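Undergrad: First the structure, which I've put down as C-alpha cells, then a few questions once you've had a look.
Number of protein chains: 2
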Amino acid sequence: MAHPFPPVYVTVDVVVLTIRDDELHVLLVRRGSQPWLGCLALPGGFLRQTEDLPDGVRRELREETGLSLEPAHLEQLGTFGAPDRDPRARTVSVAYLAVLPGLGEPVAGTDAAEARWFPVAEILATDLPFDHHLILTTGLERARSKLEYTTLATAFVGPTFTIGELRQVYEIIWGRPLDPGNFHRKVLGSHHFVHRTDAARTGGRGRPAALFRPGRTGLLNPPILR
Amino acid sequence: MAHPFPPVYVTVDVVVLTIRDDELHVLLVRRGSQPWLGCLALPGGFLRQTEDLPDGVRRELREETGLSLEPAHLEQLGTFGAPDRDPRARTVSVAYLAVLPGLGEPVAGTDAAEARWFPVAEILATDLPFDHHLILTTGLERARSKLEYTTLATAFVGPTFTIGELRQVYEIIWGRPLDPGNFHRKVLGSHHFVHRTDAARTGGRGRPAALFRPGRTGLLNPPILR
DNA sequence: CAAATAGTGTCTTTCAGACAATATTGT
DNA sequence: ACAATATTGTCTGAAAGACACTATTTG
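Residue numbers (the working numbering), protein chains in the order written: chain A, 218 to 443; chain B, 218 to 443.
Right, dumping it as C-alpha cells:
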C-alpha cells in the first residue's frame, strides 16, 4: 500500500502506579538519549510492527524497568498526539495505566536501566519530558474515578487483603479519610466485590481482620462513591 | 531521528451520532477503494504529518461527508491497534465520537463521496469493515454512559430545547421510557445543566413547554442515573 | 487495663421512583 | 369538553453519612 503522506510514528507510554509506605508512587525511568537526556520520564517507546498495543507496553516495561511482574491491571488511557509533543519527529503516544500491588523491594535490581518508584506528590511538582505530566495527571484522574465504580482497588493489594487495607487504598488515592464502619458495610454490600476467606490477619495492633480475595466482578454494583 | 523499526501508520475514525425521526443514527460513507470497496464504513483516514488528532477528524469528516457543521461534541474514544485490523498494512486507528443535533436534510448533498445517516439498530445487525463494529459499539456505550454524568444530551438537540426533547434523547439512547415528572425535576435540580429562557415552544399537542439553553456545566451534579 | 483496630447498629437526611394532581394548550 | 403534554406535589423505600456501640487483639 502506498502511503500518501509522511509517516506519523506510534509510541506507547505507561503510568505504573503502586502504593508504598502509605503513599501513591509512580514508576519512572531515567532517559538514556536525547532529548531530555538524563531526565526522569514515563517508561515507553516505539511500538513494533507486529505487536499489539498492550504487548508493546509490557515489552517496554520489561526492557526499561526490568519489571518481571505482570501488572494486575492494564488499561488504555488515551492517545496524545499534539503535533509538537516530540521535537524529533511527529509521534502519537498511546498511553496506558498499569497498577501493581505494593511490594517492598525496588523495581530494577538487575542491570536494567535505572528505574525507581517516586511519590506521585513529589513528581507532580516537577517537570516531566514531552507531555508526560499531562499523561500522568490523566492516569491519576482515571484511577481516582475508577475506584468508584470498578474493582480497581484490589489491583493495588496482594492476593488476599483486609477491608482495612482496601480502605487505605481508597484513602490514599482519594486523599481523604473514610469512615471505617461505613466503608466496611459498603464494600460487603457491593455484590461480589470481595469474597471472604477463612483466614484472618493477625499481628496488627487491634482485633484481627478477616482476609478477603477479589470477587468475580469488575464493575461495582452499587458503586463506592467518592 | 532514525526510526529503528518499520513504521506503524496512524489513522483516525469517527462515530458521528445524531437523532432523526426519533431514532439514533450513525453517519457512514461508502468506501471507494480496496479493501471493502463499496462497503459502508465509518468516516476516517490517515492522519497528516502536521495536524492535531481532532483536526484530522474534522478534515476527514469534511472531505468524506461534505459535512459543514462543526460537531457539537467531539471526544476521543480510544485507539484500536490489533496487528491484523487492516490487511494492507499495520495501522492503529484513533477513534473519536462526535455528536450533532438532528437536522432534517441528508448530509452530503454536494459532490462529496456518498455519505448517509443510518439507523444504528440496522447497522448493528450488519457487518462493518475492519474493526468498525467494535468502534461503533464502543461509541454507543460511551454515549449511553456519558448521558449520566455529563451534559452530552444537549449536543443532540438545537441551541434551545424543551425538557421533553431532552428526555427523548435519553429515552432513545437508553432505549427505555423515563418518567416525565421525575426527569423534569432531576434536570432542573442538576446544577447548571440547563438555563431557562423566556420563550416557550408552542404548536405541540399539549401545554407549551418552556425553552432552555445549555447551562455552563460539563459535568452533572447530581448525575442523571440510568 | 488502655489503646487500637474490626465490625455492627441506629438515626437522619437525601434522593430516586411511583404516581396523583394541576396547568395550559390544540382539536 | 377532551386529549395531550408540561409541570408540580406527595409518598415510600433505598442508601449514604454521622456516630455510638460492641468485639478482640497487643502492650
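Note that the Cβ used here is the ideal one computed from N, Cα and C, for glycine as well.
Just so it is clear, the structure is predicted and the values come from calculations on it, not from any experiment.
By a C-beta neighbour count over all protein chains shown, 10 Å radius and 16 as the cutoff for buried, is Gln211 of chain A buried or exposed?
TA: There is simply no residue 211 of chain A to check, as chain A begins at 218 and stops at 443 in what is shown.
Undergrad: Quick one: which residues of the stretch 257–291 of chain A get their C-beta closer than 8 Å to a C-beta of chain B? List them in chain order.
TA: The residues in question are Phe263, Leu264, Arg265, Gln266, Thr267, Glu268, Asp269, Leu270.
Undergrad: Looking only at C-alpha atoms, which of A:Gln266, A:Leu317, A:Arg430, A:Gly298 sits nearest to Ser310 of chain A?
TA: If we check each option's Cα against that of Ser310 of chain A, A:Gly298 comes out closest.
Undergrad: Compute the Euclidean distance between the alpha carbons of Leu254 of chain B and Gly283 of chain B, then round it to the nearest angstrom.
TA: Spanning the two alpha carbons is a distance of roughly 20 Å.
Undergrad: Looking at Phe335 of chain B and Val243 of chain B, is the spacing between their C-beta atoms short of 8 Å?
TA: Yes, Cβ-Cβ distance for Val243 of chain B and Phe335 of chain B is below 8 Å.
Undergrad: Where Val316 of chain B and Pro288 of chain B are concerned, what is the direct C-alpha to C-alpha distance, given to the nearest angstrom?
TA: If you take the alpha carbons of Val316 of chain B and Pro288 of chain B, they lie about 6 Å apart.
Undergrad: Spell out whether any CB of chain B is found under 8 Å from the CB atom of Ile441 of chain A.
TA: Output row for Ile441 of chain A: interface = no.
Undergrad: Would you kindly work out how many angstroms separate the C-alpha atoms of His401 of chain A and His412 of chain B, rounded to a whole number?
TA: If you take the alpha carbons of His401 of chain A and His412 of chain B, they lie about 40 Å apart.
Undergrad: When the Cα atoms are used, what is the spatial distance from Gly375 of chain B to Ser362 of chain A?
TA: Taking the straight line from one Cα to the other gives about 31 Å.
Undergrad: With a 10 Å radius around its C-beta and 16 neighbouring C-beta atoms as the bar for buried, classify Gly392 of chain B as buried or exposed.
TA: So Gly392 of chain B counts as exposed.
Undergrad: Using the beta-carbon of each residue, which ones in chain A are nearer than 9 Å to Arg359 of chain B?
TA: Within 9 Å Cβ-Cβ: nothing; Arg359 of chain B doesn't reach chain A, min ~12 Å.
Undergrad: Rounded to a whole number of angstroms, what is the C-alpha to C-alpha distance between Leu395 of chain A and Asp239 of chain A?
TA: Approximately 15 Å between the Cα atoms of the pair.
Undergrad: Assign Asp344 of chain A to buried or exposed, taking buried as 16 or more other Cβ atoms, counted over all protein chains shown, within 10 Å of its Cβ.
TA: Result: exposed.
Undergrad: Under 8 Å between the Cβ atoms of Glu268 of chain A and Pro300 of chain B?
TA: Against a cut-off of 8 Å, the Cβ pair of Pro300 of chain B and Glu268 of chain A comes out as a contact.
Undergrad: Could you confirm whether any beta carbon from chain B is found closer than 8 Å to the beta carbon of Pro224 of chain A?
TA: Chain B contact via Cβ: present.
Undergrad: Is any beta-carbon of chain B found at less than 8 Å from that of Ala299 of chain A?
TA: Yes, its Cβ sits closer than 8 Å to a Cβ of chain B.
Undergrad: Using beta carbons (cut-off 8 Å, strictly below), is Arg307 of chain B in contact with chain A?
TA: Yes, Arg307 of chain B lies at the interface with chain A (some Cβ there is under 8 Å from its Cβ).
Undergrad: Can you tell me whether Ala338 of chain A is buried or exposed? The criterion is at least 16 other CB atoms within 10 Å of its CB, across all chains shown.
TA: Ala338 of chain A is exposed by the Cβ-count criterion.
Undergrad: Alpha carbon to alpha carbon, how far is Ile340 of chain B from Leu351 of chain B? Give it in angstroms, no decimals.
TA: Roughly 12 Å between the two C-alpha positions.
Undergrad: Which term fits Ser407 of chain B, buried or exposed, when burial requires 16 or more other beta carbons within 10 angstroms of its beta carbon?
TA: Answer is buried; the Cβ neighbour count reaches 16.
Undergrad: Since Ala258 of chain A contacts His349 of chain A with CB under 8 Å, what's their CB separation in whole angstroms?
TA: Confirmed, about 6 Å.
Undergrad: With 16 as the cutoff for other CB atoms within 10 Å, does Arg305 of chain A come out buried or exposed?
TA: The residue is exposed, with fewer than 16 neighbouring Cβ atoms inside 10 Å.
Undergrad: Taking Cβ positions only, does Val311 of chain B come closer than 8 Å to chain A?
TA: By this cut-off, Val311 of chain B is an interface position.
Undergrad: Mind pulling the chain A residues with CB within less than 7 Å of Val227 of chain B?
TA: Chain A residues near Val227 of chain B: Val225, Val227, Val309.
Undergrad: Output yes or no for whether 8 Å exceeds the beta carbon distance between Val232 of chain A and Ala312 of chain A.
TA: Going by C-beta atoms, Val232 of chain A is nearer than 8 Å to Ala312 of chain A.
Undergrad: Can you tell me whether Arg443 of chain A is buried or exposed? The criterion is at least 16 other CB atoms within 10 Å of its CB, across all chains shown.
TA: That one is exposed.
Undergrad: Which full runs of the beta strand (DSSP E) of 3+ residues lie inside the stretch 244–285 of chain B, going along the chain?
TA: List check, beta strand (DSSP E) in window: 261–263.
Undergrad: Are Ala360 of chain B and Ile390 of chain B close, meaning C-beta to C-beta below 8 Å?
TA: In contact: Ala360 of chain B and Ile390 of chain B (Cβ atoms closer than 8 Å).
Undergrad: State the beta-bridge partners of Thr367 of chain A as determined by DSSP.
TA: The partner list for Thr367 of chain A (beta bridge, DSSP) reads A:Leu436.
Undergrad: Around the Cβ of Leu241 of chain A, are there at least 16 other Cβ atoms within 10 angstroms (buried) or fewer (exposed)?
TA: Buried, since its Cβ has 16 or more Cβ neighbours within 10 Å.
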